[in-house]
Structure formats: structure tokens, C-alpha cells
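The end of the sequence shown is residue 719 by my numbering, with every number in the run present. All residues carry an ideal CB built from backbone N, CA and C; glycine is no exception.
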Amino acid sequence: MHAALDASSYQPSLLSIPPGIALGALLVVIAYAAVVRGDPALRGWFLLCSVTLVPYSLAITLSPSIKDPEAATAWFRFGVAPVPLSASAAIAFLETLLNRCSIERRALVSVVSVALAVPCVATPWIVSGVREGYLGVPFAQPGPLAPLWLAVTAAIAFASWVPVARASAGAADAEARRRLRRLAIAGAITTAGLFDVGVAYDPRWPPVGWLLLGIGSALSLRALVVDDLLRVRAFDRRAPLLVVHFVGAVLLGWAALEVLGGRVPWWGQAAALLGSFSLVRAAVALASLLARGARVSRGPREEVLAELDTLHEAETAQQVSERAVRIIEKALGISGVLLLPVAGDLRWSKDGARLDDAALPDPRVISWLRTAPTSLGTLEELVPAAPSERRSEIRQLFEVHRANAFALLRSRDGVEGLFLIHDWPPPHADAPRLLAQVGERVAEALAHQRVLENVRKLTSIARDVELAADLQTRYLPLQASFDLGPVQVAGVRRAATQLGGDVWAVYELAPGKALVVVGDVTGHGLPPAMVTLAVRGACDVVVRSSGGDVSLPALMECLDAVVRRVGAERLYMSCSATIVDAAAGEVTFLNAAHPMPYVVHPDGKLTSLVARGSLLGTGRPPSGVARQPIAPGDLLVWYTDGVTDARRPGAEFDDRALQRLLRGVTAEQTPEAAAQLVLDAAVARHGGAAVARHGGGKLDDDATVVAARVRAPDPTTPA
């Protein structure tokens, strides 16, 4: 090898620049892997795989500049020797990455690689010499065992990268497939550099191993930086400082020895070297102190917490989960799965999908974990401390998710998630402490996301309620009056909430003949409001299709079907349907468990329209039609139970109070005035203002009042 180190054997050539660029790319990859704190096993095998490719890349770079055949032969033997060892290190790296450890295979491949390296360096069996190749550049001439060396190296390389391609095809996660596919492509391109062995047999071809090695190194660097294959936790700032110390001390020491020359004894030269190192050390320390004043030093814990600040920017709990798992793996070197409870359900989800029954955490296990003294521990620590009846369930949960430790994410409101860890213990001693702090931050983010999700749901419901209220107001007026010749009708409606459950409608069937429908759906809110709209629509359809000849039993049967369908057989409606026929001097009516309407006669006497029937929505609509005579001047009053249910201590407004109020209604009062009088009295008994039409007062239930006055026919009106 002494010939290879003789400076007189070299003459710089521009042809060394292209392979030199590839060598630089490889050194950049090595430098990156050297200055990060990643998974120790992944980092070590990757560095060994990359470093053992440097000699060959260096030999290709120097070959255009080497003029001595003996020096060129030495460099090629030195460069080719560690290539099989690089392939065996690639096997170890990929097996570690894929969690497929095979100690026996690694040992066998390593022994074979070292066995090939010895004859390559010491004998001409693999590289017998050099000869002039493409563009006159010296290139290795194969020895008798070169085919064997090529076959073994190719087999090792094939054995290392094919499993990655298979794993990328079978990965369940799309991102994992892309990551492994990119890694397999990078390795395949690097391995393709073995094409240069064929160049050794046919010098007409140019060597391309340096180019493939450069492209593969660039793709490998991208995989390391973008895909984070080393599971980087933080940059190791000690490695760059050691390089600065070493380079600075060597340069300063060399300058000091040049100045002193041979005028000082050996101990003086040693003191000069020691002083040079001390000066460099002091300069670096001073620069660090000055830089510390301008920036805040951030260790692994600060790096983790800085990334955790982005969790609150997530839009869903699933995004919080994905970011949290990625941060924990990147910062602490801990891999696992984060299970999230599904709101309002006993099920859990992983990666946005609900878990199967076999993978579900048992609610009793979660309940016990909530009271456990620690929220972080291993399976071996957890099982003995758990109740005996829970131990098998705990073991099954950990086995299904291939975990050996856990971290329970708890907030003040309960359990926000369960992180099941695959590879405990972690690579660093401070990882448990940091994981506990990370768990608190992730639990806060998940709790925050749960609150936001509830707000979103409430906002969506509020929008739906507002839309339904607007539609109900347009279709079911709060106040309206109708002049139908001999029959004048007016009604007022007052909802206890934004959405009411009362419905009323008036239809002119013929001159002097009107249909009045008043109903009250059980409950409050959006579902009853939807039933009222459906009932009103059904009334419209029945009246329009009957041509004015409405059958009250058919109407009740239709409304019963609508209430059952729209109310999903969980809501019911009381209803009173009345046909007022002033020309015939009678009213025809049906009642489905609704308060009985009153007839107020001009002399102040009251009679009731008595009829009985079941609630609509039960499938048993009333069918027995009742009739009662009416005379001009009579006032008919329909109302819902929200009127007579008004309760205020000392001022109850019950049915008797309503009767007293109606007896005081005069014949001169219009239906509008009479209806408003009744509603105002009900609102006043609730303790509110007496102006219902302007929204004053507060009701416990929806209240609706409809009044109809029967007038004597106008003799001037032609028949």
C-alpha cells in the first residue's frame, strides 16, 4: 500500500471531478447519520453500510489521477474489499428497520464478507491488476476469483433489498408503502453499481458505479431526512464540536510546529500542541457563550414540547392522534398505536377506523387503569398489580396490539386515549419522564378537540334549529285572521322555545263553511317541529284533493299516518278537527285526546264540543263524528293545553279560570281580540308580560288559541 501513498504517483485530472461529486454525496449522508441521535441499532448499521462504500468511491475518484499502475492496483484492491461487508450491513439495517431480526443470517453473511475481503486486499485473486479502460482511465482487471466475489456480493445485496420490496407491497398503511418503496429504489440503484464488474471484463464500457452510487446516496439522504428512517430524536451537537476541536487543533498545532521548527526539544513541541488545543477549546467555548446570549438552548425535551404546540392546530382528533404518534416516535424513539375512545359509545378507534371486538379495550380494564397509581408502565408491571379477573383481558389486549407497555392519556374529564407501546424500554433513560409530559400535552389536545367537536355539533344543530324555526314561522304563522263571510277566524300561537310543537290551520271549504284544525305534538325541539310541518302539509293535501268535501275520519286517518311516520312512532299529537257550517247552523267535529273546544253564546253561556278519541300516532285515529248546532253571534274557541297548564303560585290559570274569562267576552269583541285576550291571560299567569304578540313573557309549554265568530248572513248579499 506504500505505493498508493506516494505523492509522485498522482497527477490531478478533471475526470476525477464527476466521481468526486458522488463521493461527496456519500460523505454528506454519512455526516448526517453521524450527527443525529437516532435509534442506535439503525444508526450503527446504516453508518457501517455507508462507510464501507467510501473506499470504492474513493478509488474510482482517484483512478483518473493515478499514473502508477502499482498504486492504482492497490487502491482498487482496497476499494473493492469492503463492498460485500457493505451489503451485509445493509441486511442488518433493513432487518432492524422491518423488525425481522435473524442473528444467524447476519453472522453468516458477515463471516463470508470478511472472508472475501482478506484475499481481495492481500492477493491478486480478485483484482489482479489494472489496465487502460474508457478514456484511458485505469480500471481494475479481474482475477480468477472475481466471478465468485461478484456472485456472493450480488446474492447478499439481493437478499437485503428484496424483503424491503415485499414489505412495501404488503404494508397496510399507504405512507409506509411509499416510504419503503423509496428506500427499496435507493438500495436497488446503489446495488446496480456492481455493473462495474462487467466493465472490468470489457474496458470499452465506461464505469457507472460512481454515478449510481451518487444517485443512490442522494435518494438515501432524502429517505433519511423526509421519511425519518433513523427515527431521529435530535441533532447531536457534540459530534460537530468534536470535529471543530480536532480540525482546529491540527491546523493550529501544525502552524505552531512550522514556526518553532527544530529549535525546541520534543517536550517543547508537545507543550505547543497542548497549547494549540487549549486555545481552540477556549475559542469554541467563548463562541458558545456569546451564541447562548442570542438564543435559547433547546434540548430533547424542549424540541418535543415545541412540536407538541402544533397539536392544537389539528382539526380533528384523528389528526391529533397521527401527529402525536409521529412526534413520540421521532423525539423519543418509541413506536406504538394510540387508541381513542369514540364519543357516546363503548367502542374505540385506531387510525380513524373503529376497532374490532377482539381488539377493543375492555371497559372494566379502562376503569381500573383510571384508578391505577401510575399511567405509564410495562405489561410485566401491570399484570401483577391488576385484579385477578382482569389479568387475562389485559394480556389479550397487549397481545392483539403487539405491545409490551402502555401510557394512559388522562384529563380532568376522564380517559382521552390509550397509547400501547411496541418497543419498551426506550433507547434513552429520560424517555419515560418525557413520555409522561408528552402524554399530558396530548391528553389536553384531545380534550380540547373533544370540546371543539361538541361545539361544532351544537353549532350545526343551532343552524338546523334556526332554519326549521324560520320555516315553521313562514308556514305556521304566529298570528293570522281570516274573513270567510259568515265565519270570521283568528288565531295566535306562542312557542315556549325557538321551535314549537303546536299547529293550527284554517281552510274555506265553501261559502260560509270553514275547516279548523288545532293540534299539539308531544315534546319540544326539532323533531316535534318537523311533525307540525308535516301535519300542516298533510292537511293541505287532504283539503285540496277532496275538493271542499272533507271527510273528518279520512283526515284524522291521514294525520295519524303522518305522525307515526315522521315521529318515528316516538311522538304523538292531540288534535281537534272542526267543520263550521254557518249556512247549515251546525258544527261537525272529531277530537283526538285534545282539550275540548268551547262555544261562547251571546248571553254568556258556555257549551263544550265534547268528543273523545286516542292520540294521533298510535294507529287508532278517532272516527266517531259529533255534531252540535250553532247560531249567529256564537264564538268558538279552540286552544292547546299550554294555555290551561299555566302555573304560578297564587295565580293558576286552569280550565275554570278559562271558563270565567270566556264568559266575560262580549258579542262586540272580534275573534282576534278574544284569542289575544285568552293568550295574554295565560302568559300573565306564567309571570311574564301580557303582550304575547311581541314575544313578551315566558311559557312552560307551547300555547295556541284559535277563535271563530259566526255572524248572521248579510241580507244584501245575493244568495
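Between V442 and A331, the C-beta gap is not smaller than 8 Å, which leaves the two residues out of contact. Out of A403, P384, Q437, P363, the CA that lies nearest to the CA of G414 is found in P363. The continuous alpha helix (DSSP H) containing V83 extends over residues 83 to 97.
Ranking G642, K605, P147, R656 by CA distance to the CA of T666 puts K605 first. Annotation: S392 is outside any beta strand (DSSP E); the continuous alpha helix (DSSP H) that includes it extends over 391 to 400.
Pairing S57 with L85 gives a Cβ-Cβ distance that is not under 8 Å. In the assembly as shown, Y572 is a buried residue. Its beta-carbon has 16 or more other beta-carbons within 10 Å. Around V121, the same chain offers R77, A81 as residues with beta carbons nearer than 6 Å, after the five sequence neighbours per side are excluded. By the neighbour-count criterion, in which 16 or more other beta carbons inside 10 Å mark a residue as buried, F158 falls on the exposed side. Taking P119 as the centre and dropping the five residues before and after it, the same chain places the C-beta of W125, I126, L145 closer than 8 Å to its C-beta, in chain order. Between the beta-carbon of D641 and that of D540 there is about 25 Å, and that puts the pair past the 8 Å contact cut.
Non-local C-beta neighbours of I189 in its own chain, meaning closer than 6 Å and more than five positions away in sequence, comprise L212, I215, G216, ordered along the chain.
Assigned with DSSP and collapsed to three states, V337 falls in strand.
Given a length threshold of 4 residues, each whole run of the alpha helix (DSSP H) inside the region 622 to 657 is given here in chain order: 641 to 644.
Counting along the chain, D483 sits inside the beta strand (DSSP E) bounded by residues 479 to 484. Inclusion of L552 and V625 in the CB contact set at 8 Å is warranted, their separation being smaller than that value. Distance from the Cα of W45 is smallest, within the candidate group A34, T61, A31, A90, for A90. About 15 Å separates the CB atoms of G548 and A505; that is not less than 8 Å, and the two are not in contact. The C-beta distance from A712 to P671 rounds to 15 Å, too long to fall under 8 Å, and the pair is not in contact.
If you ignore the 5 residues before and after A358, its C-beta comes within less than 7 Å of the C-beta of V400, all in its own chain and listed in chain order. The count of Cβ pairs closer than 8 Å, one atom from the region 613 to 628 and one from the region 573 to 587, reaches three, so the stretches are in contact. Excluding its 5 nearest sequence neighbours in each direction, L616 has C-beta neighbours in its own chain below 6 Å: L559, D560, V563, M573, C575, A592, listed in chain order.
Sorting V337, V705, S481, V438 by C-alpha distance to the C-alpha of L311 places V438 at the top.
In the structure shown, the three-state DSSP call for W504 is strand. Per DSSP, F195 lies in no alpha helix (DSSP H) segment and is marked neither H nor E. 8 Å or more divides the Cβ of D654 from the Cβ of V600. Counting along the chain, the unbroken alpha helix (DSSP H) around M530 starts and ends at 526 to 546.
With contacts defined by Cβ atoms closer than 8 Å, T704 and R493 form a contacting pair. Inclusion of V516 and V706 in the CB contact set at 8 Å is warranted, their separation being smaller than that value. Between F398 and A407, the gap from beta carbon to beta carbon reaches 8 Å or more.
In the structure shown, E586 adopts extended strand secondary structure according to DSSP, grouped into three states. The Cβ atoms of P597 and L636 sit closer than 8 Å to each other. Following the DSSP letters along the chain, one finds R493 inside the beta strand (DSSP E) bounded by residues 487 to 494.
Within the DSSP bridge table, the entry for L420 names V337, F406 as partners. Residue pairing by DSSP places P142 opposite V127 in a beta bridge. Taking the C-beta atoms as reference points, G417 is found nearer than 8 Å to L339.
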